[in-house]
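>
2 protein chains.
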Amino acid sequence: MTAQIDCKVPQGSQNPQSPKDRVALDPEGAAELAVGFKALADPNRLTLLTLIAAEATGEACVCDLTEPLGLGQPTVSHHLKVLVDAGLLAREKRGTWSYYSVVPGALQDLFHSLTDWTTP
Amino acid sequence: MTAQIDCKVPQGSQNPQSPKDRVALDPEGAAELAVGFKALADPNRLTLLTLIAAEATGEACVCDLTEPLGLGQPTVSHHLKVLVDAGLLAREKRGTWSYYSVVPGALQDLFHSLTDWTTP
DNA sequence: CTCATGGATTGACATCCGTCGATATTCCTG
DNA sequence: CAGGAATATCGACGGATGTCAATCCATGAG
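Quick note, the sequences are listed as chains A and B, same order. According to my numbering, the residues represented by the first sequence are 25 to 144, in order. According to my numbering, the residues represented by the second sequence are 25 to 144, in order.
1) Applying a beta-carbon distance threshold of less than 7 Å, which residues of chain B neighbour V126 of chain A?
2) Does any CB atom of chain B fall closer than 7 Å to the CB of T71 of chain A?
3) Entirely within the region 87-136 of chain A and at least 3 residues each: give me those beta strand (DSSP E) ranges in chain order.
4) Just verifying my parser: in three-state terms, what is the DSSP assignment at E83 of chain B?
5) On a CA-only basis, which of B:E116, B:A54, B:V86, B:R118 is nearest H103 of chain B? Give me that one, please.
6) Note down, in chain order, each residue of its chain lying with its Cβ closer than 6 Å to the Cβ of A130 of chain A, except the 5 sequence neighbours on either side.
7) Between A:R118, A:T142, A:A48, which lies nearest to Q3 of chain B when the distance is taken from Cα to Cα?
8) Please list the partners that L104 of chain B has in chain A, where partner means a Cβ-to-Cβ separation under 8 Å.
9) So, are the CB atoms of A55 of chain A and P67 of chain B less than 7 Å apart?
Have a look at this one:
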């Protein structure tokens, strides 16, 4: 499946707070990062993000999103779950409705945790 | 397949250079963006990026990358092609070797073309 | 020219993923 | 409580994707 990698890890210090001691991403970190990017790797999910962000109130419920996407309700619900699981969206249930909103800074965090490696 | 979306496009101006007139990502833009993120949606490709970026010379050939990843040469070659097609890596062939390097700013561009929509 | 080496391509296979229909769950209303 | 509405979950199906073995292509050495 994902193939075990034995990365060279010089380990300048034991401090887990500073990831820069290592030469490259370790397999666990890579897998975790990939989860975030996987969530962005679908056109409909990207559209969902922008639709919610474009909402004046900052949030949207499923019924607002099915029509502009042209997808069924279960499919939209599934995509939203993927985005929530990735930490990019937040869900708040009020009454019968579920309101989704973009988690502030989540995209930036995801991005930086990659560029920290590619930009010394 | 990808389902046709009819996005509401108020079109403040006809200028295609300013994407902000539109309310949300159009299907073509979403698909194009998704290609970039799809390239990042695999742990081994993320590791490849960081391995190349960590190289002192800024570039690496395939033979340098197969061992730390624990993958076969065709598989690594395939992943590198995905990253090149997404515009994240550049390939330069010198003699028998192909040298891959990170395209400067490509990650930033990809990121911004999404946050432009999610951060007004 | 011949051979060896690094890399790309092809074909096959197993798995993952997006989508839908059907159903379950939760909550509001009367 | 009964009914309806919004959403989540489940099962299934087809297409996409990661991986490998085998092969092909190009280049440099002799």
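Ideal Cβ positions, reconstructed from N, Cα and C, are used throughout, including at glycine.
Reading it off the structure:
1) By Cβ distance, chain B contributes T142.
2) At least one C-beta of chain B is nearer than 7 Å to the C-beta of T71 of chain A.
3) Within the region 87-136 of chain A, the beta strand (DSSP E) runs of at least 3 residues that lie entirely inside it are, in chain order, 113-118, 121-126.
4) Strand, per DSSP.
5) Taking each of B:E116, B:A54, B:V86, B:R118 in turn and checking the Cα distance to H103 of chain B, the smallest one comes out for B:V86.
6) Once the five neighbours on either side are set aside, the close Cβ partners of A130 of chain A are G111, L112.
7) A query on residue 3 of chain B cannot be resolved here, the shown segment of chain B reaching from 25 to 144 and no further.
8) Within chain A, no residue comes near L104 of chain B; the closest Cβ sits about 15 Å away, beyond 8 Å.
9) For A55 of chain A and P67 of chain B, yes; Cβs fall inside 7 Å.
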